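K.L.:
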Amino acid sequence: MSAQPIYEVLALRYGTHQDRPARMNFLTSDDHASLMPLDYFVWAIRGPIGSANPRTVVVDTGMTPQAVEHRPGRVVLNTVEHMLARAGIVAADVADVVLTHMHYDHAGNLDLFPKAMFHIQDAEMAFCTGRCMCHGVLRHAFDVRDVLGAVSRVHSGQMQFHDGTTDLLPRALPGVSLHLVGGHTGGLQAVRVPTARGWVVLASDASHYWANMRTGNPFPIISDLPRMVEGWRMLEALADGPDHVIPGHDPLVRARFPTLGGDAEIVQLHLPPA
Ligand SMILES: [Zn+2]
Ligand SMILES: [Zn+2]
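Our numbering numbers the first residue of the sequence shown as 866 and each following residue consecutively.
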């Protein structure tokens, strides 16, 4: 990709759920004993590298400390604002935030980004404000405070809607695109980014762990099972290899990619994994 602008992509871990049974992470599991920790991340895209006007896009905004008060085991290790600052990113100055989907661990903390335009799929806003939210089994991973915050951004002119596959900001961030996947929620979107090692795809919760898509066994929060399993094919087609699809919650991400300046909570996804 000689003429293709390239970007830096970071995964920033802000939380974790250590004492989590493995059976919570798969639709079907006979494993009643072992633990399988789950990490919580936000992501950042910076570039184009070498550009006179590089920009920073934050992908997802993490959970609020309040959201985990009634969710045992989930721990906010550091605030999202603090983690972004450790990567040199001032949340209050960020101009663009992608919301992959509206679950509580991805779309809290919108107030940290007063200047931002938020980017969401039409189908996700419809899902989290529509009739599906009448059902506890579809609603439980949303926090209504986050949903109200997103609706208020619509009315303040700070929400940009996308439908399907679109370029995020074609002039400012050439090559960075959004892809409607669905499956996990009504309008989950993945983000595709050109990097020095090829096309990297931030899958978010289209696959919580590499193991979900590699074994064909989905994480058990599902809005549409056929779309979820087809989504894995889409992610694979968009990425330059299996290590280029970045799952949403896998501790292996932090174990495999190089840290940012030795900070163990931030890894560089644009560099080859170990
Ligand atoms: Zn989710
Ligand atoms: Zn999640």
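Glycine included, C-beta positions come from ideal geometry on N, C-alpha and C. Just so we're clear, the structure is a prediction, and the values are computed from it rather than from any experiment.
What did DSSP end up calling residue 976 once you bin it into helix, strand or coil?
P.N.:
Here residue 976 refers to the residue found at position 111 of the sequence shown. If DSSP states are grouped into helix, strand and coil, residue 976 belongs with the helices.
K.L.:
Which residue from 906, 912, 879 puts its Cα closest to that of residue 1036?
P.N.:
Taking the sequence shown and counting its residues from 1, the one referred to as residue 1036 is at position 171. Comparing alpha-carbon positions, the option among 906, 912, 879 lying closest to residue 1036 turns out to be 912.
K.L.:
Within 10 angstroms of the Cβ of residue 883, are there 16 or more other Cβ atoms? Answer buried if so, exposed if not.
P.N.:
Here the question's residue 883 lines up with position 18 in the sequence shown. Answer is exposed; the Cβ neighbour count stays below 16.
K.L.:
Report whether the distance from the Cβ of residue 1113 to the nearest heavy atom of ligand 2 is below 7 Å.
P.N.:
For the purposes of this step, residue 1113 is taken as the residue at position 248 of the sequence shown. Checking every heavy atom of ligand 2 against the Cβ of residue 1113, one is found closer than 7 Å.
K.L.:
Just checking residue 1070 against ligand 1 - is the residue's beta carbon closer than 7 Å to any of the ligand's heavy atoms?
P.N.:
Position 205 of the sequence shown, counted from the first residue, corresponds to residue 1070. Flag set: Cβ of residue 1070 near ligand 1.
K.L.:
Using the rule of at least 16 other Cβ atoms within 10 Å of the residue's Cβ for burial, across every protein chain shown, is residue 958 buried or exposed?
P.N.:
Here the question's residue 958 lines up with position 93 in the sequence shown. Counting every other CB atom within 10 Å of its CB across the protein chains shown gives residue 958 a total below 16, marking it as exposed.
K.L.:
Please confirm whether any heavy atom of ligand 1 lies closer than 7 Å to the CB of residue 1086.
P.N.:
Residue numbering aside, residue 1086 sits at position 221 when the sequence shown is read from its first letter. Answer for residue 1086: yes, Cβ within range of ligand 1.
K.L.:
Within its chain, find whatever has a CB closer than 8 Å to the CB of residue 1073; leave out the 5 residues flanking it on each side and keep chain order.
P.N.:
Looking up residue 1073 in the sequence shown gives position 208. Closer than 8 Å at the Cβ level, and outside the excluded window around residue 1073, lie 890, 903, 1084, 1112, 1113, 1114, 1115.
K.L.:
With DSSP run on the structure shown, which of helix, strand or coil describes residue 992?
P.N.:
Within the sequence shown, the letter at position 127 stands for residue 992. Here residue 992 sits in helix by DSSP.
K.L.:
Classify residue 1131 as buried or exposed, calling it buried when 16 or more other Cβ atoms lie within 10 Å of its own Cβ.
P.N.:
As a first step, residue 1131 must be located in the sequence shown, where it is residue number 266. That one is buried.
K.L.:
Determine the DSSP secondary structure at residue 926, reduced to helix, strand or coil.
P.N.:
Looking up residue 926 in the sequence shown gives position 61. Coil, per DSSP.
K.L.:
Which residue marks the beginning of the alpha helix (DSSP H) containing residue 946, and which one marks its end?
P.N.:
Taking the sequence shown and counting its residues from 1, the one referred to as residue 946 is at position 81. That run of the alpha helix (DSSP H) goes 945-951.
K.L.:
Over what stretch of residues does the alpha helix (DSSP H) that includes residue 1080 continue unbroken?
P.N.:
Your numbering for residue 1080 matches position 215 in the sequence shown. Run containing residue 1080: 1075-1080, per the alpha helix (DSSP H) assignment.
K.L.:
According to DSSP, simplified to helix, strand and coil, what is residue 1019?
P.N.:
To locate residue 1019, count along the sequence shown from 1; it is residue 154. Correct three-state label for residue 1019: helix.
K.L.:
If you count every other CB in all the chains shown that lies within 10 Å of the CB of residue 988, and 16 or more means buried, which is it?
P.N.:
Taking the sequence shown and counting its residues from 1, one reaches residue 988 at position 123. By the neighbour-count rule (16 or more Cβ atoms within 10 Å), residue 988 is buried.
K.L.:
Just tell me which of 1028, 968, 918 has its CA closest to the CA of residue 1008.
P.N.:
For the purposes of this step, residue 1008 is identified with residue 143 of the sequence shown, where counting begins at 1. Among 1028, 968, 918, the Cα nearest to that of residue 1008 belongs to 968.
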